[in-house]
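Colleague:
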Amino acid sequence: MNPTDLIAAARDAAKNAYAPYSEFKVGAAILLTDGRVVTGANVENASYGLSLCAETVALAKVAVEGGMNSVAEIAVIGFPSKTPVRPCGRCRQILNEAAQIGRRDIVIHCSSGNGDMIEQHLLSDMLPHAFGPADLGIVA
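Heads up: take any position in the sequence shown, counting from 1, add 696, and you land on my numbering.
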């Protein structure tokens with residue numbers, strides 16, 4: 697799947713975001729190694745700290761479907777952002793769990809709301825020296 701299609705899936709997911717407080721809708725689309733795409737959108741809460749990022753929602757769905765070891769890429773898009781939206785630190789740490797379990801770096805496609813600006817990063821570059829399952833002896 698090309699990055700443009702993955703970003704389009706993230707854009708569609710963002711339409712279902714529940715963002716009544718910030719009105720900042722974020723969508724994420726995760727590409728698994730078997731070609732499946734799993735999406736998520738941010739879910740805000742009146743108790744702001746309990747809000748969920750789109751990346752977290754999508755990765756939770758991946759976990760429920762048994763795919764934590766097969767995450768290859770993720771696209772993230774936010775509205776009405778004019779610059780590329782990047783995963784927050786918490787989401788980078790959560791993605792690192794899948795990266796270490798799957799023994800692969802994850803490609804992250806970051807897009808502005810209108811898709812004019814797209815960045816591509818490796819998770820290892822966005823979260824160097826990450827703590828994860830390897831540090832606990834769960835994976836070698």
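Where a beta carbon is used, it is the ideal one built from N, C-alpha and C, also for glycine.
On the CB-based measure, 16 or more other CB atoms within 10 Å of its CB, does Q796 come out buried or exposed?
Modeller: buried
Colleague: Considering only the alpha carbon of each residue, which of Y714, G723, P716 lies closest to G811?
Modeller: G723
Colleague: For the beta strand (DSSP E) containing L727, name the first residue and the last one.
Modeller: 721-728
Colleague: When the distance is taken between beta carbons, is S808 closer than 8 Å to S777?
Modeller: yes
Colleague: Do A715 and N738 come within 8 Å of each other at the CB atom, strictly closer than that value?
Modeller: yes
Colleague: Go ahead and pull the three-state DSSP assignment for E769.
Modeller: strand
Colleague: Among all the DSSP beta bridges, which residues are the ones paired with G774?
Modeller: V722
Colleague: To the nearest angstrom, how far is it from the Cα of P780 to the Cα of V803?
Modeller: Answer to the nearest angstrom: the Cα atoms are 15 Å apart.
Colleague: Starting from the N-terminal side, write out each stretch of the beta strand (DSSP E) that is 3 residues or longer and does not extend beyond the region 774-818.
Modeller: 803-807, 814-818
Colleague: Taking just the CA atoms, how far does L819 sit from R788?
Modeller: 7 Å
Colleague: Identify which residue in A709, G762, I814 has its Cα closest to the Cα of N698.
Modeller: I814
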